[in-house]
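Student: Just passing along the structure, written as structure tokens.
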Amino acid sequence: MRRYGLAGELRRRIAEGDMELTAKAALSAIRATDGYWEEAWEAVLGELTRLGPAERRRLVDVLVEGFHERGQDPDRRTDSLTLVSALSWDFPDDPLTAERFAELAELGRVNHYYWYGARLDLLAKAEITRGRALAPAVVAFFRRSALTGYEPHPAPEGTDRPVLNVGEEWAERAMADATGPDWEALLAHLTTATASRPTATWDKRARTLADTLGEDHVRVTALRWLTLVGRPRTFPLECGPHDPDINSALDPYNANALRGLAWLLSLLPPRPDTARALGALVETSLKRIAGLGARNPKVANAGVVALSRIDGDEALAQLARLSTRMTHKNTAKLLDTALRTRATALGLSREEIEELAVPAYGLTEVGRSTHHLGEVTAELTTKGTRTHLTWKNAAGKPTRTVPASVRRDHADDLKDLKAAAKDIDKMLTAQSERLDRQFLARRTWSYETWRERYLDHPLVGTLARRLLWTVDGTPTGFAEGDLRTLTDTPVTTGTEVTLWHPVDRDPAEVMAWRDWLEHHEITQPFKQAHRELYLLTDAERTTSTYSNRFAAHVVRQHQFNSLAAIRGWRHKLRLCFDDDAPPAIRELPEWGLRAEFWIAGDGEEYDVDTTESGTYLRLRTDQVRFYPLGAPADPLPLTSIPPLVLSEVLRDIDLFVGVSSIGNDPTWQDGGPDGRFREYWTSYGFGDLTQSAQTRRTLLERLIPRLAIADRCTLEGRFLHVRGERHTYRIHLGSGNILMSPGDRYLCIVPKTNPEPHQHGYLPFEGDRMLAVILSKAMLLADDARITDQAILSQL
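So the sequence shown is numbered by the numbering used here: it starts at 575 and just counts up by one.
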């Protein structure tokens, strides 16, 4: 190859004794491969370091002169600086000292260098040889480069201090707290956590260090560090225009220490706050970062491993909660393995361990607990999926804020109460999602077990008492302190309990239960009595083995992927260079079936239709099919699929499309890249209603008459018409998009990420974000004379 020929030329120039030509030959040999190949550097350095002191002096002088030439190529200047640093280690004058210092300072402001062949480590070696320590930010740069470069390689000698990389708040706090050699030894040991699980040797060393420092002291200090993980960097790193958001990522060197920290905590006496902190670490580490994906799955996995090694209900509860929320494939697999292992050890099923893993968090009755702190009474209550902490003073009168005596005399108790409230909020959300997935689980419970784990459980009971259940074939709901039938007859005993589903119920019964829920003002945690039903259509009988009901949509891939994972589907992100396009799959072992949703990447233009990594930004949807488990080539007739399975699978897909379609994004009015999605955006954003949108319309028919703006609202076809002072508006019930008169002009109002929940009366269920968006837009537009948002006013 050419670089070997250039190395030969270098030897000839050296033999001739012409240092100017030698310098040119050396730089040419390095640049022949853009500095990417370590062999080029090794060949050049091997020849040049054999020069005598006088020859090296002459060569360095030539390189220094070339470095200062005007118009010099930046890469060539860096190569010259590197050669000078490597060849002048014994020169008394240390040429280009200031320039080398400036170059190293610049390196401290960037993430890493990708190609080890550039040999920037020689700059660091020159400083260390001269007895000068590298700046901590520069040390961090070389450590990151060693871990994340094209080829992993050791960091330069002399980069062992400080013990952690600067730039992250948790790490800087840890180094500030680590006073004394024992603490430093512990931090250093944490950085050796480079495997997926700790070894017995690693654990032994960690225990010894923790015992020396005091287990409880180590635990409290470590938990304080964990609260800082994920905070903004203490100084930003420079990012290129196409780089991922590295400032939101975790430093890869410090990430090893975080893994070790998680493992260490699992060796210490179990405490509720330890399990809580590890659960939070898992969530923080899986937060999605633009251009990168999950922030650091290895740290998340270490958190799961740590939780699985801790005995006690709190750690088990965190594993169960995380299993309902985490969508990263490897982490989800670890969580499942941990729960199955725990279940096997207890002689239980995976489903039973999830039920038993739900703690009460101090609740002494369903959705409520009372705590006496001196003369003050604190009450924890749940409403929906939110927890409220209220206070009464010694006289029994409510106070709006935490009494001063509690802050002064019961600070630890106050901290525990607030932590419990947050834990309850998270667990309620997780349990609501778990219950929503039970329709396809074919679960049955004995009456006594069901009452213990569901109806009368202090936490789960707040959800279970708002759902409908079938007791020995009789539908029941909970109201006024008792389980009751549709006629309000109490049900006090039974044998077998199942979760009620409307698919196999008479429509009149379904409507009657909706009225019953409304009469008792029960808001269900998710759609059950109002659940959409997706029954077989004539078109699907004609196609026989597949459904096109949700074909030809354009969805955002990453949002679709997250939703699919939460609902139990397996989907591999589509890349532009993939040869195949496997469908999204949901396996239904209880039914002996597998559902497939066929999808394909959309577009062909890199960086327009894909991310920097080549992942498609959008997908086009196609058929839905069903197969027997283990028979990938034999689709089943849709007529053979149980109605409950068909309805729930299609409901999942309606959710995926309804949430992730570009058609419900008000900012896509221009049709996206080259306007090629304009027709789809219009047809989806203002077209026929899906089943979920039709359910929304049915609800609005009952809800609107109770609103303060009822006289300004009417439902007509696919739209909610709202009469304002400036215009009349039509809000589409599927997408939430708005047209205004005259001329059906489009009005763009971008909703909040999490719109405020409806505050204007009874709603029969929670969780319909689009309903909240439509209602908030209706309230805004009915009083359009008071709109102050300039982005909206400019369109009116």
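Just so you know, even glycine gets a beta-carbon here, dropped at the ideal spot from N, CA and C.
1) So, is Arg-1141 buried or exposed, given that buried needs 16 or more other C-beta atoms within 10 angstroms?
2) Can you tell me the Cα-Cα spacing of Val-737 and Ala-767, whole angstroms?
3) Taking its Cβ as the centre, do 16 or more other Cβ atoms sit within 10 Å of Val-634, making it buried, or is it exposed?
4) Please go through the stretch 651-734 and give each complete alpha helix (DSSP H) segment of 4 or more residues, from N-terminal end onward.
5) Here's the rule I'm using: 16 or more other beta-carbon atoms within 10 Å means buried, otherwise exposed. How should Gly-1166 be labelled?
6) So does the stretch 932-952 actually touch the stretch 962-970, counting three or more Cβ pairs closer than 8 angstroms?
7) Assuming Ala-934 and Leu-1041 make a contact with CB atoms under 8 angstroms, what is their CB distance in whole Å?
8) Which of helix, strand or coil does DSSP assign to Ala-1125?
9) My output table needs one value for Gln-1012: the three-state DSSP class, helix, strand or coil.
10) Report the residue from Thr-1264, Pro-666, Ala-600, Ala-599 whose alpha carbon sits nearest the alpha carbon of Pro-627.
11) Determine whether the beta carbon atoms of Leu-721 and Val-792 lie at a separation below 9 angstroms.
12) On the CB-based measure, 16 or more other CB atoms within 10 Å of its CB, does Pro-730 come out buried or exposed?
13) Excluding sequence positions up to five away, which residues of its chain have a Cβ less than 6 angstroms from the Cβ of Met-1314?
14) Roughly how many angstroms lie between the CA atoms of Leu-601 and Thr-901, to the nearest whole one?
15) Can you look up Ser-1136 in the DSSP assignment and give me helix, strand or coil?
16) Please work out which residues of its chain come closer than 6 angstroms, Cβ to Cβ, to Gly-1177, disregarding the five sequence neighbours upstream and downstream, and give them in chain order.
17) If you drop the 5 nearest sequence neighbours on each side, which residues of the same chain put their C-beta closer than 8 angstroms to that of Gly-1035?
18) Where does Gly-1055 fall in DSSP's three states?
19) Near Glu-1161, which residues of its chain fall below 7 angstroms by C-beta distance, leaving aside the five closest residues on each side in sequence?
20) For His-642, count neighbouring C-beta atoms within 10 Å of its own C-beta (all shown protein chains included) and say buried if the count is 16 or more, exposed if not.
21) Check Gln-1098 in the structure and name its three-state DSSP category.
22) Here's the rule I'm using: 16 or more other beta-carbon atoms within 10 Å means buried, otherwise exposed. How should Lys-957 be labelled?
23) Considering only their Cβ atoms, is the gap separating Arg-833 from Leu-764 smaller than 9 angstroms?
24) Within its chain, find whatever has a CB closer than 7 angstroms to the CB of Val-604; leave out the 5 residues flanking it on each side and keep chain order.
25) Return the bridge partner residues of Lys-992 from the DSSP annotation.
26) Within its chain, find whatever has a CB closer than 6 angstroms to the CB of Ala-1372; leave out the 5 residues flanking it on each side and keep chain order.
27) When DSSP labels each residue in this structure, what does Met-1314 get in the three-state scheme?
28) Less than 7 angstroms between C-beta atoms, sequence neighbours within five positions excluded: which residues of the same chain meet that for Arg-807?
29) With a 10 Å radius around its C-beta and 16 neighbouring C-beta atoms as the bar for buried, classify Gly-921 as buried or exposed.
30) Could you tell me the alpha carbon to alpha carbon distance between Leu-838 and Thr-915, rounded to whole angstroms?
31) Please report the straight-line C-alpha distance between Leu-661 and Asp-1181, rounded to a whole angstrom.
32) Between which residues of its own chain and Asn-1135 is the CB-CB distance below 8 angstroms, once the five residues before and five after are set aside?
33) Run through DSSP, which three-state label would Ala-1359 get?
34) Do Phe-1200 and Val-1231 have their C-beta atoms within less than 9 angstroms of each other?
35) Hey, how far is the Cα of Asp-1357 from the Cα of Glu-1299?
36) Which residues in the same chain have their Cβ closer than 8 angstroms to the Cβ of Asp-847, if we skip the five residues on either side of it in sequence?
Tutor: Reading it off the structure:
1) Your numbering for residue 1141 matches position 567 in the sequence shown. Label assigned to Arg-1141: buried.
2) Position 163 of the sequence shown holds residue 737. Position 193 of the sequence shown holds residue 767. Roughly 14 angstroms separates the two Cα atoms.
3) Here residue 634 is taken as the residue at index 60 of the sequence shown, counted from 1. The residue is buried, with at least 16 neighbouring Cβ atoms inside 10 Å.
4) 671-681, 695-703, 710-722
5) Numbered from 1 along the sequence shown, position 592 holds the residue referred to as residue 1166. With fewer than 16 Cβ atoms within 10 Å of its Cβ, Gly-1166 is classed as exposed.
6) yes
7) For the purposes of this step, residue 934 is taken as the residue at position 360 of the sequence shown. For the purposes of this step, residue 1041 is taken as the residue at position 467 of the sequence shown. At roughly 19 angstroms, the Cβ-Cβ gap does not stay under 8 angstroms, so Ala-934 and Leu-1041 are not in contact.
8) Translated into positions along the sequence shown, residue 1125 becomes position 551. Ala-1125 falls in the coil class under three-state DSSP.
9) Taking the sequence shown and counting its residues from 1, the one referred to as residue 1012 is at position 438. If DSSP states are grouped into helix, strand and coil, Gln-1012 belongs with the helices.
10) Within the sequence shown, the letter at position 53 stands for residue 627. Among Thr-1264, Pro-666, Ala-600, Ala-599, the Cα nearest to that of Pro-627 is on Pro-666.
11) Start at 1 with the first residue of the sequence shown, and residue 721 comes out as number 147. Start at 1 with the first residue of the sequence shown, and residue 792 comes out as number 218. Not in contact: Leu-721 and Val-792 (Cβ atoms no closer than 9 angstroms).
12) Walking along the sequence shown from the start, residue 730 turns up at place 156. With 16 or more other Cβ atoms from the protein chains shown falling within 10 Å of its own Cβ, Pro-730 counts as buried.
13) Taking the sequence shown and counting its residues from 1, the one referred to as residue 1314 is at position 740. Once the five neighbours on either side are set aside, the close Cβ partners of Met-1314 are His-1301, Tyr-1303, Leu-1321.
14) Within the sequence shown, residue 601 is the residue found at index 27, counting from 1. Within the sequence shown, residue 901 is the residue found at index 327, counting from 1. About 50 angstroms.
15) For this step, residue 1136 is matched to residue 562 along the sequence shown. Residue state, collapsed to three classes: helix.
16) Translated into positions along the sequence shown, residue 1177 becomes position 603. Excluding residues up to 5 positions away in sequence, Asp-1183 lie with their Cβ nearer than 6 angstroms to the Cβ of Gly-1177 in the same chain.
17) Within the sequence shown, numbered from 1, the residue matching residue 1035 stands at position 461. Cβ neighbours of Gly-1035 beyond the five flanking positions: Val-940, Gly-941, Tyr-1028, Leu-1029.
18) Locating residue 1055 in the sequence shown gives position 481, where the first residue counts as 1. In this structure, Gly-1055 counts as coil in the three-state DSSP scheme.
19) What you label residue 1161 is simply residue 587 of the sequence shown in a count that begins at 1. Result list for Glu-1161: Arg-1168, Leu-1203, in chain order.
20) Locating residue 642 in the sequence shown gives position 68, where the first residue counts as 1. Burial call: exposed.
21) Position 524 of the sequence shown, counted from the start, is the residue given in the question as residue 1098. The answer is strand: DSSP assigns Gln-1098 an E or B state.
22) Here residue 957 refers to the residue found at position 383 when the sequence shown is read from its first residue. Exposed is the call here.
23) On the sequence shown, residue 764 is found 190 positions in, with the first residue counted as 1. On the sequence shown, residue 833 is found 259 positions in, with the first residue counted as 1. Against a cut-off of 9 angstroms, the Cβ pair of Arg-833 and Leu-764 comes out as a contact.
24) Residue numbering aside, residue 604 sits at position 30 when the sequence shown is read from its first letter. This sequence places Ile at residue 604; Val is not what is there. These residues qualify, in order along the chain: Ala-614, Trp-615, Val-618, Asp-653.
25) Residue mapping note: residue 992 aligns to position 418 of the sequence shown, counting from 1. None; Lys-992 has no bridge partner.
26) An answer regarding residue 1372 cannot be provided, because it is not within the stretch 575 to 1370 covered by the chain.
27) As a first step, residue 1314 is located in the sequence shown; it is residue number 740 there, counting from the start. Reduced to three states, the DSSP call for Met-1314 is strand.
28) Along the sequence shown, read from residue 1 onward, the residue named residue 807 stands at position 233. In the same chain as Arg-807, and ignoring 5 residues on each side of it, the C-beta atoms closer than 7 angstroms to its own belong to Gly-741, Glu-742, Asn-821, in chain order.
29) Residue 921 sits at position 347 when you count from the first residue of the sequence shown. Per the 10 Å Cβ criterion, exposed.
30) Within the sequence shown, the letter at position 264 stands for residue 838. Within the sequence shown, the letter at position 341 stands for residue 915. For Leu-838 and Thr-915, the distance between alpha carbons rounds to 21 angstroms.
31) For the purposes of this step, residue 661 is taken as residue 87 along the sequence shown, with counting starting at 1. For the purposes of this step, residue 1181 is taken as residue 607 along the sequence shown, with counting starting at 1. Each residue's CA atom was taken as its position, placing Leu-661 and Asp-1181 some 43 angstroms apart.
32) Position 561 of the sequence shown holds residue 1135. The answer, listed in chain order, is Thr-901, His-1145, Leu-1147.
33) On the sequence shown, residue 1359 is found 785 positions in, with the first residue counted as 1. Of the three classes helix, strand and coil, the one that applies to Ala-1359 here is helix, per DSSP.
34) Position 626 of the sequence shown holds residue 1200. Position 657 of the sequence shown holds residue 1231. No, Cβ-Cβ distance for Phe-1200 and Val-1231 is not below 9 angstroms.
35) Numbered from 1 along the sequence shown, position 783 holds the residue referred to as residue 1357. Numbered from 1 along the sequence shown, position 725 holds the residue referred to as residue 1299. Each residue's Cα considered, the two are about 7 angstroms apart.
36) Translated into positions along the sequence shown, residue 847 becomes position 273. Correct list, in chain order: Leu-797, Ala-993.
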